[in-house]
Amino acid sequence: MISYDSLTGTLVTPCNPAYKEARLMWNRAIEKFPGAIVFCGTIDDIINAIKWARHNCVPFRVRNGRHNYEGYSTGNGVLVIDVSKLVGLDMDSSSVAAQGGVNNSMIYDLVSPQGYPFPGGSCPTVGVAGYAMGGGSGPMSRLLGLGCDSLEAVELVNADGQLITASREKNPKLYWALKGAGDGNFGVAVRTIFRLPKKVECVTLAALYYPNTDASAQIRFIRTWQRWLSRSDERITLQAPVYHDQAEGYAIFARGIYFGSKLQAEQALELLTNLPGCEASFKEMTIYEAIKAIEDTIPASEKFKSSGRFIGRPLRVEEIERMVNMMRNYPEGSIFTGLTLYALGGQVSKIAPQESAFFYRYSPFVVGLQSIWAEDKYAKLNTEWVQSRLNYINRVTVGSYVNFPSSDLVDYERAYWGDNAAKLRSVKQMYDPYNIFRFPQSIR
Ligand SMILES: Cc1cc2nc3c(=O)[nH]c(=O)nc-3n(C[C@H](O)[C@H](O)[C@H](O)COP(=O)(O)OP(=O)(O)OC[C@H]3O[C@@H](n4cnc5c(N)ncnc54)[C@H](O)[C@@H]3O)c2cc1C
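Sequential numbering from 1305 applies to the sequence shown in our numbering.
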């Protein structure tokens, strides 16, 4: 019997009533049963946990916001090193420093009431370290770049249980790797420091809704989206699900924050609002109000299977038709089935693919395929439905977004990091030679 005596922090084991909740992921379809979860309240707790796991030869995972699609921050029988209690935040007029347990909402609540935007994500409870170290594309990416592009430094506990800093000056190869491939691969991030963008007075929240769409309207939308994006103003980053919902039927909903006036936003989105059936809304507000309006629509949890793929060239008409038609044949038990388009480009594409681990810089957008269900009996059917359709989507796209991972990728390193995969393996060898930071799709 292993003794947990040398672990510090709050320990939760299967005998503890708190275990039932403590083991859950945001994606409730993930069913994993860790051997123990240690909630670390200090950096020493993390160091002790790593030393304990190494000493006892127990595999471990690093966890914060619990949003990994495939549950790679937990596992059966592992020690989960949970950093979500480390929520300290500091800021000045040029940067914000977040401890490893900070989430999107906590950062926005600090910086945005003062007028600062932040290149975070749209889901309030997603961990900032996990988001940014996986790249981090959100509702301001085209103007502000990815989350990782604003990352100035990361302090992390490494495989030897030492606290080190990765920045342009210190451990620069590690810094390079953490910008797009940092999640769970090299150490436990205990502090991330981001450059802050300039303050903004007022933005426009744009929402375009197309209810009751037929297949041809959904196909026309994606074709127009591609044209629009190729010449679009980088002050807007839209996210657009093209979907079937149990309550609404077939519809499209595109939303984003425009950094400018209502009039400018209306002009920037004209190509899309001119499409038949569009119900458009443009509202001027503060950046804080805009990000809160987006966050408020995200549910507390779901059961889903999803994946996100980078587009390498404009999709052909017949490819769009096939994708839309495959989605219309949705599986039994699905309450939402969608193809979601996440705009990239703008500042994201101004950085060369080799400059950070995030490789697919020139992709104009990510396409996500998703099915959500409510009853467990439909989990297998819905998961297989997504997997089988991904076989096709994978063929017409160039790579996978590691923040939207999929367990069934054959060569996942290549899929996530393209030509940067080989360099990532050499950085892994330097900083984690015994591969103790390991999970089903970690860098080998
Ligand atoms: C509802 C939802 C919305 C999302 N929206 C977006 C979005 O808009 N844009 C986007 O880019 N992504 C988005 N994601 C993906 C999300 O950014 C990634 O899953 C991110 O890695 C989640 O981090 P987490 O701490 O919440 O999750 P966890 O499951 O706790 O961790 C995810 C991964 O990061 C590692 N990790 C977490 N914290 C640390 C740390 N401190 N040090 C080292 N490794 C760590 C874990 O080991 C694991 O590999 C979304 C996911 C969900 C479920």
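For each residue, glycine too, the CB sits at the ideal point set by N, CA and C. Only a predicted model underlies this, so the values are computations on that prediction, with no experimental measurement involved.
* Give the single residue among 1565, 1375, 1568, 1542 whose Cα lies nearest to the Cα of residue 1556. => The shortest C-alpha separation from residue 1556 is found at 1542.
* To do: Could you check what DSSP says for residue 1311 in three-state terms: helix, strand or coil?
  => Coil at residue 1311, not helix or strand.
* At a cut-off of 7 Å, is residue 1344 close to ligand 1 when judged by its beta-carbon and the heavy atoms of the ligand? -> Every heavy atom of ligand 1 is 7 Å or more from the Cβ of residue 1344, so no.
* Asked: Taking residue 1715 as the reference, which of 1523, 1740, 1588, 1698 has the closest Cα?
  -> Residue 1715 has its Cα closest to that of 1698, out of 1523, 1740, 1588, 1698.
* Test item: CB-CB of residue 1452 and residue 1746 under 8 Å -> Their beta carbons are not under 8 Å apart, which means residue 1452 does not touch residue 1746 by this criterion.
* Along the alpha helix (DSSP H) that carries residue 1378, what are the first and last residues, could you check? => No alpha helix (DSSP H) holds residue 1378; DSSP gives it neither H nor E.
* Option nearest residue 1579 by Cα separation, candidates 1523, 1313, 1397 -> Selected option, being the one with the closest Cα: 1523.
* Where do the ends of the beta strand (DSSP E) carrying residue 1587 lie? -> 1583-1589 is the span of the beta strand (DSSP E), which, as asked, contains residue 1587.
* Asked: Does the Cβ of residue 1427 lie closer than 7 Å to at least one heavy atom of ligand 1?
  -> Under cutoff, so the answer is yes.
* To do: Measure the CB-CB distance between residue 1319 and residue 1371 and report whether it falls below 8 Å.
  => Result no, Cβ atoms of residue 1319 and residue 1371 do not sit closer than 8 Å.
* Does the distance from the C-beta atom of residue 1613 to that of residue 1701 stay below 8 Å? -> Judged by their CB atoms, residue 1613 and residue 1701 are nearer to each other than the 8 Å cut-off.
* Does DSSP put residue 1548 in a helix, in a strand, or in coil? -> Residue state, collapsed to three classes: strand.
* To do: Look at the alpha carbon of residue 1402 and the alpha carbon of residue 1707, and state the distance between them as a whole number of angstroms.
  => Straight-line Cα distance between these residues: approximately 20 Å.
* **Residues of its chain near residue 1358, where Cβ-Cβ distance is below 7 Å and the 5 sequence neighbours each way are ignored** => In its chain, beyond the 5 residues on either side, 1740 have a beta carbon closer than 7 Å to the beta carbon of residue 1358.
* Looking at C-alpha atoms only, which residue of 1520, 1337, 1323, 1711 is the closest neighbour of residue 1625? -> Of the listed residues, the one whose Cα sits closest to residue 1625 is 1520.
* Would the region 1633-1653 and the region 1666-1679 be scored as touching if the rule is three or more Cβ pairs under 8 Å? -> With a cut-off of 8 Å, the region 1666-1679 and the region 1633-1653 count as touching, because enough Cβ pairs lie within range.
* chain B within 8 Å of residue 1463, Cβ atoms only -> Absent from the structure: chain B. Only one protein chain is present.
* Just checking my contact of residue 1342 with residue 1353 at CB under 8 Å: how many whole Å lie between their CB atoms? -> Contact between residue 1342 and residue 1353 holds, with the beta-carbon distance rounding to 5 Å and staying under 8 Å.
* To do: Taking only the alpha-carbon atoms, compute the straight-line gap between residue 1546 and residue 1590 and give it to the nearest angstrom.
  => Their Cα atoms are separated by approximately 28 Å.
* Going by CA-CA distance only, name the one from 1430, 1486, 1454, 1688 that's closest to residue 1725. => Comparing Cα-Cα distances from residue 1725 to each of 1430, 1486, 1454, 1688, the minimum goes to 1486.
* Reference residue 1544; option with closest CA among 1593, 1535, 1558, 1537 -> Taking each of 1593, 1535, 1558, 1537 in turn and checking the Cα distance to residue 1544, the smallest one comes out for 1558.
* To do: Return the chain-ordered ranges of every alpha helix (DSSP H) run that is complete within the region 1653-1716 and spans a minimum of 4 residues.
  => Listed in chain order, they are 1683-1700.
* To do: State the CB to CB distance for the pair residue 1569 and residue 1540, rounded to an integer number of angstroms; the pair is presumed to be in contact (CB under 8 Å).
  => That belief holds up - the Cβ atoms of residue 1569 and residue 1540 are roughly 7 Å apart, short of 8 Å.
* **CB contact flag (residue 1751, residue 1490, <8 Å)** => Here the chain covers residues 1305 to 1748 and nothing more, so residue 1751 does not appear.
* How many Å lie between residue 1315 and residue 1308 at the Cα? -> Answer to the nearest angstrom: the Cα atoms are 8 Å apart.
* **CA nearest to the CA of residue 1548, picked from 1634, 1601, 1510** => The shortest Cα separation from residue 1548 among 1634, 1601, 1510 belongs to 1634.
* Could you tell me the boundaries of the beta strand (DSSP E) in which residue 1642 lies? => Residue 1642: member of the beta strand (DSSP E) spanning 1638-1647, first to last residue.
* Taking the C-alpha atoms as reference points, what is the distance between residue 1379 and residue 1517? -> For residue 1379 and residue 1517, the distance between alpha carbons rounds to 41 Å.
* To do: Decide if residue 1680 is buried, meaning its Cβ has at least 16 other Cβ atoms within 10 Å, or exposed.
  => Counting Cβ neighbours within 10 Å, residue 1680 comes out exposed, since fewer than 16 surround it.
* Under 8 Å between the Cβ atoms of residue 1606 and residue 1332? -> Yes, these two residues count as a Cβ contact at 8 Å.
* Identify, in the order they occur along the chain, each residue of the same chain with its Cβ nearer than 7 Å to the Cβ of residue 1415, setting aside the five sequence neighbours on each side. => Here the set comprises 1395, 1400, 1422, 1500.
* **Buried versus exposed call for residue 1709 [16 or more other C-beta atoms within 10 Å across all chains shown]** => Sixteen is the threshold: when 16 or more other Cβ atoms of the shown chains lie within 10 Å of the Cβ of residue 1709, as they do, the residue is buried.
* To do: Kindly give me the distance between the Cβ atoms of residue 1365 and residue 1385, rounded to whole angstroms, as I take these residues to be in contact under 8 Å.
  => With a Cβ gap of about 7 Å, residue 1365 and residue 1385 count as contacting.
* To do: Report all residues from its chain with a CB closer than 6 Å to the CB of residue 1429; omit the five preceding and five following residues, and keep chain order.
  => Here the set comprises 1369, 1407.
* Are residue 1317 and residue 1340 closer than 8 Å when you measure CB to CB? -> Cβ distance < 8 Å, so residue 1317 and residue 1340 count as in contact.
* Endpoints, beta strand (DSSP E) assigned at residue 1554 -> Per DSSP, the unbroken beta strand (DSSP E) holding residue 1554 starts and ends at 1553-1562.
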